[in-house]
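S.K.: Got a structure here, written out as structure tokens. Questions coming.
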Amino acid sequence: EPEVTQTPSHQVTQMGQEVILRCVPISNHLYFYWYRQILGQKVEFLVSFYNNEISEKSEIFDDQFSVERPDGSNFTLKIRSTKLEDSAMYFCASNRLGQGRYFGPGTRLTVT
Amino acid sequence: TQLLEQSPQFLSIQEGENLTVYCNSSSVFSSLQWYRQEPGEGPVLLVTVVTGGEVKKLKRLTFQFGDARKDSSLHITAAQPGDTGLYLCAGISGNTPLVFGKGTRLSVIA
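Protein sequence lines correspond, in order, to chains H and A.
Here the first sequence stands for residues 53 to 164, numbered as in my numbering.
Here the second sequence stands for residues 39 to 148, numbered as in my numbering.
As structure tokens, this is what we get:
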């Protein structure tokens, strides 16, 4: 069964550094998302992406965040200058119109 | 801001028991999804309900969407240790992004 994959599984970075989290959505999906989950808290929406542009973003997704689909398979989330409070699990998800989201296994980001 | 309240927050039961967990909101949702999340992993979609009053069954799991599309329930019959996990409901309304509840953490003891 096709699945969303994410790399790396765990990323440790120092405050102020840039990180890029990578995702490969399911191949015939057209809608892509990033969510995050701070330890012990609920899953929070960051951004949705369709037709090569952001379709919606939350207040969390400020100027430090960006997304890109550099080729036909990858979908990346970049955090330009990480802060301690960016430490969380970051989940990529994808779907087709009207379907539930298929989530990847997540990247655990630890900012020290 | 749309909120989904899930209850109970924690539930610990013996293998073989039945249970129901709830997802409630003051908002109307066009669709509602249930996910299960294991520690350190991403949420896994269980079901999507769209029509008010809709009931969907997935083996021992029965999902119901309220008539007014503001609430949903998940009933598990004869729970097994493999059912242990965090059960999340998430709703979509119009063009708003998917909103998650905080989840019900279920522990089934053998």
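Here a beta-carbon is modelled for each residue, glycine too, at the ideal position from N, C-alpha and C.
The structure presented is a predicted model; accordingly, all values stated were derived computationally and were not measured.
#1: Taking the CB atoms as reference points, tell me whether L126(A) and Y60(A) lie closer together than 8 Å.
#2: Give the interface partners of E105(H) over in chain A, defined as CB-CB distance under 9 Å, in chain order.
#3: Any contact of the stretch 43 to 60 of chain A with the stretch 69 to 84 of chain H, i.e. 3+ C-beta pairs under 8 Å?
#4: Considering only residues of the same chain and omitting the five flanking positions on each side of R143(A), which have a CB-CB separation below 6 Å?
#5: Give a yes or no on whether the C-beta atoms belonging to T86(A) and Q71(A) are separated by under 8 Å.
#6: I'd like the span of the beta strand (DSSP E) that includes V87(A), first residue to last.
#7: Using DSSP bridges, identify the partner residues of K130(H).
#8: So for L42(A), helix, strand or coil by DSSP?
#9: Is there a Cβ from chain A that is less than 8 Å from the Cβ of Y154(H)?
#10: Check E53(H) in the structure and name its three-state DSSP category.
#11: Determine, for K135(H), whether the minimum Cβ-Cβ distance to residues of chain A falls below 8 Å.
#12: Taking Cβ-Cβ distances below 7 Å as the criterion, which residues of the stretch 60 to 80 of chain H are in contact with chain A?
#13: With the cut-off set at 8 Å, would you say K108(A) and V137(A) are in Cβ contact?
#14: Is there at least one Cβ from chain H nearer than 8 Å to L136(A)'s Cβ?
#15: How would you call V64(H), buried or exposed, if buried means at least 16 neighbouring beta carbons within 10 angstroms?
#16: What number of angstroms, rounded off, separates the C-alpha of R74(H) from the C-alpha of G156(H)?
#17: What is the DSSP secondary structure of D109(A), counted as helix, strand or coil?
M.R.: Reading off the structure:
#1: No; because the gap between Cβ atoms is not below 8 Å, this pair is not in contact.
#2: Per Cβ cutoff of 9 Å: no residues; E105(H) is ~15 Å from chain A at best.
#3: Of all C-beta pairs linking the stretch 43 to 60 of chain A to the stretch 69 to 84 of chain H, fewer than three are shorter than 8 Å, placing the two stretches out of contact.
#4: Taken in chain order, the residues that qualify are F48 and L124.
#5: A contact, by the Cβ cut-off of 8 Å.
#6: Residues V82 to V87.
#7: K130(H) pairs with I72(H) and S118(H).
#8: DSSP places L42(A) in coil when its eight states are reduced to three.
#9: With 8 Å as the cut-off, Y154(H) counts as an interface residue toward chain A.
#10: The answer is coil: DSSP assigns E53(H) none of H, G, I, E or B.
#11: Taking Cβ atoms only, chain A never reaches closer than 8 Å to K135(H), which makes this a no.
#12: Of all residues in the stretch 60 to 80 of chain H, none has a Cβ within less than 7 Å of some Cβ in chain A.
#13: Result no, Cβ atoms of K108(A) and V137(A) do not sit closer than 8 Å.
#14: Chain H contact via Cβ: present.
#15: V64(H) should be labelled exposed.
#16: Rounded to whole angstroms, R74(H) to G156(H) spans 11 Å at the Cα level.
#17: D109(A) falls in the strand class under three-state DSSP.
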